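Protein chains in written order, with the UniProt record's numbering: chain A, 1 to 327; chain B, 1 to 327.
Note that the Cβ used here is the ideal one computed from N, Cα and C, for glycine as well.
Predicted model, so just to flag it, every value in this text is computed and none were measured.
Working notes, structure below.
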């Protein structure tokens with residue numbers, strides 16, 4: 001026998017409308033009422049037919065999330081906070097892990113649009129995916145310019161780059177190398193703002209900017225080869241500003257094996273500062289992005305944009321320094 | 001004007017059946033055909049009405065994933081590989097980040113059941129959630145006993161615990177403390193197998209087992225207080241087997257601040273060995289779980305269980321040692 005909403009209402013001692021409001025998480029409901037309804041649903045093993053309801057309501061209460069990879073703690077923490085906040089607001093998260101690959105990102109995007117999610121959050125760094133332009137979908141981008149219509153939530157990349165470079169110079173480094181994603185990979189400019197700040201700061205101090213690209217897509221061993229090349233090319237190197245903490249940890253490891261004393265011979269500043277990263281490697285001095293606050297701002301703006309498709313503006317949140325022991 | 005499947009078929013120069021097979025990812029299709037159909041869909045901005053199709057087919061092509069927290073690289077990497085493999089098979093992933101909280105896990109579970117996912121993967125450690133028992137849903141558990149019907153994919157926790165303890169003893173440690181999750185939090189026994197191996201090994205060597213619990217739910221500062229207490233309680237401590245790498249990194253940090261030389265005064269072995277963790281903190285000697293292989297085995301078994309609800313058996317994969325510099 002199929003259990004129906006009437007059966008739940010009867011057992012819980014509330015009206016059908018109340019059960020429906022609980023299911024749709026709409027309007028004010030006391031904890032007690034919610035509990036009564038859920039208890040009745042549990043007792044009857046009632047499963048509301050969400051999909052049929054969605055067809056009727058023209059909303060799916062699902063949000064798509066496209067990130068480069070959840071294996072990076074920066075995105076793992078971001079996804080964790082975003083899904084928590086969305087869950088509180090009655091939304092579910094469909095996750096696409098784009099593996100830093102534009103082809104996979106395009107497939108996820110087509111797929112999420114086909115599932116008719118109510119909105120999208122995009123945090124990957126691939127460019128040239130035209131589906132974003134004509135999706136008619138509320139979208140928020142994290143740290144990335146998708147197109148001029150889509151608002152960006154980011155932290156202050158320029159100031160972060162400035163803080164990192166000035167710290168290295170203040171502590172005596174002169175031959176400072178910066179690494180970043182290759183330019184072609186990132187939607188202009190966001191992430192590259194760190195590079196711009198580094199170059200500006202170096203030139204202002206009469207120092208020569210030296211920039212290397214490390215493609216986030218590469219294997220661990222290929223990334224290590226590039227880092228080895230940096231040390232070979234720059235025998236006088238005494239400072240490094242590395243645009244993400246995982247690469248910065250690779251640099252620390254290799255520098256250590258090459259016999260550099262950190263921070264005496266070589267000073268290193270990373271970027272991102274996820275909670276787990278700072279626990280795993282507390283010695284790494286890094287620029288901390290406000291990941292939780294960025295996640296919350298993203299969810300807030302997406303909620304407003306779902307209600308009003310013309311709402312939205314770029315939002316830049318402040319960064320701070322984690323003083324480890326690598327400078 | 002609404003774009004229809006006929007329009008896509010006409011533009012792509014294929015039959016309606018072929019378009020349908022591309023959409024459903026069924027049967028053999030050449031890369032060329034797939035590309036033609038996707039190009040036509042893109043040109044026409046066609047969005048297949050997946051939800052309507054799902055109602056008809058009685059499947060959603062969605063898999064629910066309930067993990068304690070994606071902010072932990074072990075689960076981040078696991079979720080990344082699982083969603084990649086499921087995507088290849090035409091499934092999407094709905095993620096629930098349970099924040100180590102049984103109440104949140106229950107809500108996610110009720111919610112995922114309501115969305116009528118085709119299957120569930122559960123990796124969280126909460127117990128006593130009765131909804132799992134009568135869900136009529138294909139479920140695979142990772143490293144956790146949900147009930148006797150649900151197969152578990154895990155790595156060899158007993159052997160991992162043995163390897164860690166024997167390594168510490170072989171290198172001269174005698175006063176060895178083990179930390180693990182509190183027993184009440186974990187479904188018996190899995191994770192606790194590491195503790196059992198530690199206790200067996202200590203007793204076999206005529207040494208006294210000393211076990212502390214660290215609740216994964218606690219804040220960073222509360223975890224640090226417990227670790228400080230361990231050092232205070234055990235002034236002769238010379239070895240520690242810590243049941244996850246994040247706590248092991250906390251222990252290393254605190255030991256360092258207290259003036260212990262690692263590994264001379266104190267030897268430490270962690271557990272999990274996610275890729276990112278080993279890059280972030282290569283010095284930490286740890287037992288490596290085969291995360292990618294576990295993820296693949298989980299997806300394989302779930303696919304079989306969706307086809308045949310009686311299929312399934314526990315699967316235990318081998319662990320290995322990462323020789324850092326902390327032993």
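Mind checking residue i: buried by the 16 CB within 10 Å criterion, or exposed?
i, result
"residue 54 of chain A", "Low confidence applies here, because residue 54 of chain A scores a pLDDT of 49, under 50, leaving its location unreliable and the question unanswered by this model."
"residue 258 of chain B", "exposed"
"residue 158 of chain A", "buried"
"residue 89 of chain A", "exposed"
"residue 165 of chain B", "buried"
"residue 92 of chain A", "buried"
"residue 97 of chain A", "buried"
"residue 30 of chain A", "exposed"
"residue 105 of chain A", "buried"
"residue 40 of chain B", "buried"
"residue 218 of chain B", "exposed"
"residue 327 of chain B", "buried"
"residue 204 of chain A", "exposed"
"residue 155 of chain A", "buried"
"residue 61 of chain B", "buried"
"residue 298 of chain A", "buried"
"residue 305 of chain B", "buried"
"residue 243 of chain B", "buried"
"residue 286 of chain B", "buried"
For chain B, is any of its Cβ atoms less than 8 Å away from the one on residue i?
i, result
"residue 218 of chain A", "no"
"residue 263 of chain A", "no"
"residue 215 of chain A", "no"
"residue 20 of chain A", "no"
"residue 258 of chain A", "no"
"residue 42 of chain A", "yes"
"residue 141 of chain A", "no"
"residue 309 of chain A", "no"
"residue 302 of chain A", "no"
"residue 138 of chain A", "no"
Which class does residue i belong to by DSSP, given the choice of helix, strand or coil?
i, result
"residue 188 of chain A", "Unreliable placement is indicated for residue 188 of chain A, whose pLDDT of 49 sits below 50; the coordinate value is still reported in the next sentence. Coil at residue 188 of chain A, not helix or strand."
"residue 145 of chain A", "coil"
"residue 176 of chain A", "strand"
"residue 137 of chain A", "coil"
"residue 93 of chain B", "strand"
"residue 239 of chain A", "strand"
"residue 55 of chain B", "Model confidence at residue 55 of chain B stands at a pLDDT of 48, short of 50, so the residue's coordinates are unreliable and nothing is read from them."
"residue 327 of chain B", "coil"
"residue 61 of chain B", "coil"
"residue 195 of chain B", "helix"
"residue 208 of chain A", "coil"
"residue 262 of chain B", "coil"
"residue 66 of chain B", "strand"
Taking 8 Å as the CB-CB limit, is residue i close to chain A?
i, result
"residue 76 of chain B", "yes"
"residue 281 of chain B", "yes"
"residue 250 of chain B", "yes"
"residue 328 of chain B", "It is not possible to answer for residue 328 of chain B, since the shown part of chain B is limited to 1 through 327."
"residue 166 of chain B", "no"
"residue 80 of chain B", "yes"
"residue 84 of chain B", "yes"
"residue 234 of chain B", "no"
"residue 297 of chain B", "no"
"residue 253 of chain B", "yes"
"residue 17 of chain B", "no"
"residue 182 of chain B", "no"
"residue 70 of chain B", "yes"
Can you pull the DSSP bridge partners for residue i?
i, result
"residue 272 of chain A", "A/288"
"residue 152 of chain A", "A/141"
"residue 213 of chain A", "A/180"
"residue 123 of chain B", "DSSP output for residue 123 of chain B lists no bridge partner at all."
"residue 317 of chain A", "A/155"
"residue 267 of chain A", "A/239"
- request: Check each residue of the segment 93-104 of chain B: if its Cβ is closer than 9 Å to any Cβ of chain A, include it; give the result in chain order.
  value: Residues 93, 94, 95, 96, 97, 99 and 104.
field: chain A contacts made by the segment 268-294 of chain B, where a contact means CB separation under 7 Å
entry: Cβ contacts with chain A: 275, 276, 277, 279, 280, 281 and 282.
- request: Give, in chain order, every residue of the segment 106-120 of chain A whose Cβ lies closer than 9 Å to some Cβ of chain B.
  value: Within the segment 106-120 of chain A, the residues whose Cβ lies closer than 9 Å to some Cβ of chain B are 106, 107, 108, 110, 111, 112, 113, 114, 115 and 116, listed in chain order.
task: May I ask you to list, following chain order, the residues of the segment 238-249 of chain A that have a beta carbon less than 8 Å from some beta carbon of chain B?
output: 245, 246 and 249
- prompt: Taking any Cβ of chain B, which residues in the segment 144-173 of chain A have a Cβ under 8 Å from it, in chain order?
  reply: For the segment 144-173 of chain A, no residue has a beta-carbon sitting nearer than 8 Å to a beta-carbon of chain B.
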